[in-house]
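Have a look at the structure below before the remarks.
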Amino acid sequence: MRSLSRNAEAKTVENESYKFLTTTEAETLAAWCATIVSGADQAGVARFVDENLAGDQAASLLLLRYLDASDMAGFYRNGISGIEKECQHRFGLSFARATTGQRQDLVEAAVASKMQVWTDPDPNFFYFISRSDAVDVVYGTQTGFADLKIPYLAHIPPPKPW
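In case it helps, the working numbering puts the sequence shown at residues 76 to 237.
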């Protein structure tokens with residue numbers, strides 16, 4: 076399966092430039108999404124979110140566009156900030172530097188709505204949205220379908236993987 080060590084993962088994110096997210100925000104989001112869906116970091120979830128936030132909101136591929144599109148950029152920025160604040164509060168380190176167990180604990184707390192300091196956006200809702208992003212880049216592509224051994228029968232093939 077797709078997996079990188081935390082150091083390799085961080086280097087991969089650090090070497091990329093983003094249009095909207097900072098490198099630190101991209102690193103946090105990639106680590107969060109990889110904790111939820113294995114391989115999301117390598118599949119480019121941070122780049123996917125970044126490009127969609129930087130582009131025309133009406134053409135965005137993010138699920139958030141259909142659910143609460145009033146401030147998509149603020150939603151992601153605040154969610155990533157919430158992850159960092161919660162991780163610092165609980166473990167004294169950034170989410171990208173947390174152990175696999177610590178990361179899983181934070182994700183589970185978000186799902187259970189049991190965060191201690193992160194309140195906005197709602198952690199459970201941020202989990203739902205970011206899980207959708209992670210699933211989209213890992214399994215919603217031609218490569219993802221091939222990995223699942225399911226024929227990709229798109230009526231109109233996409234111009235790029237996502």
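Just so it is clear, CB atoms sit at the ideal spot from N, CA and C, and this is done for glycine as well.
### Message
Which same chain residues end up closer than 7 Å to Ile155 when comparing Cβ atoms and leaving out the 5 residues on each side of it in sequence?
### Response
Apart from sequence neighbours up to five positions away, the residues of its chain that approach Ile155 with a beta-carbon distance below 7 Å are Glu100, Thr103 and Leu104, ordered along the chain.
### Task
Count the other CB atoms, across all protein chains shown, that sit within 10 Å of the CB of Pro232; report buried if there are 16 or more and exposed otherwise.
It counts as exposed.
### Cβ distance (whole Å) where Tyr151 is taken to contact Leu136 below 8 Å
Tyr151 to Leu136, Cβ: 14 Å. No contact.
### Collapsed DSSP secondary structure at Val192 in the structure displayed
Looking at Val192 - three-state DSSP - the assignment turns out to be coil, as it is neither helix nor strand.
### Message
With a threshold of 8 Å between beta-carbons, can Met147 be considered close to chain D, or not?
### Response
No chain D appears in the structure shown, which is made up of a single protein chain.
### Task
Give the straight-line distance between the Cα atoms of Gln163 and Ala171, rounded to the nearest whole angstrom.
Whole-angstrom Cα-Cα distance: 11 Å.
#### Entry: Cβ contact check for the segment 111-131 and the segment 203-216: 3 or more pairs under 8 Å
Contact between the segment 111-131 and the segment 203-216 is present, because at least three Cβ pairs lie under 8 Å.
### Message
Suppose only complete runs of 3+ residues qualify. What are the beta strand (DSSP E) ranges in the segment 99-124, listed by chain order?
### Response
Counting whole runs of 3 or more residues, the segment 99-124 contains no beta strand (DSSP E) stretch at all.
### Query
So, using beta-carbon positions, are Lys160 and Trp193 closer together than 8 Å?
Judged by beta-carbon spacing, Trp193 lies within the 8 Å limit of Lys160, meaning their Cβ atoms are closer than that value.
### Task
Would you check if there are 3 or more beta carbon pairs closer than 8 Å linking the segment 166-182 to the segment 118-126?
Taking a contact to require three or more Cβ pairs closer than 8 Å, the segment 166-182 and the segment 118-126 do not qualify as touching.
### Query
Are there 16 or more other CB atoms within 10 angstroms of the CB of Leu139, so buried, or fewer, so exposed?
In the assembly as shown, Leu139 is a buried residue. Its beta-carbon has 16 or more other beta-carbons within 10 Å.
### Query
Cα-Cα, which of Phe200, Ala187 and Asp116 is closest to Asn153?
Cα-wise, what sits closest to Asn153 is Phe200.
### Task
Taking Gln217 and Tyr227 to be in contact with their CB atoms under 8 Å, please state how far apart those CB atoms are, rounded to whole angstroms.
Your pair Gln217 and Tyr227 checks out as a contact, with CB atoms roughly 5 Å apart and the cut at 8 Å.
### Task
Tell me whether Ala173 sits in a helix, a strand or coil according to DSSP, three-state version.
Correct three-state label for Ala173: coil.
### Proximity to Asp131 [Cα-Cα], best of Ala118, Gln117 and Asp146
Taking Asp131 as reference, the option from Ala118, Gln117 and Asp146 with the minimal CA-CA separation is Asp146.
### Query
CB-CB under 6 Å to Gly149, same chain, minus the five flanking residues each way: which ones, in chain order?
Cβ-Cβ distances below 6 Å link Gly149 to nothing in the same chain once the five nearest sequence neighbours on each side are left out.
#### Entry: Cβ neighbours of Gln179 in the same chain (closer than 7 Å, five flanking residues each side left out)
Correct list, in chain order: Thr110.
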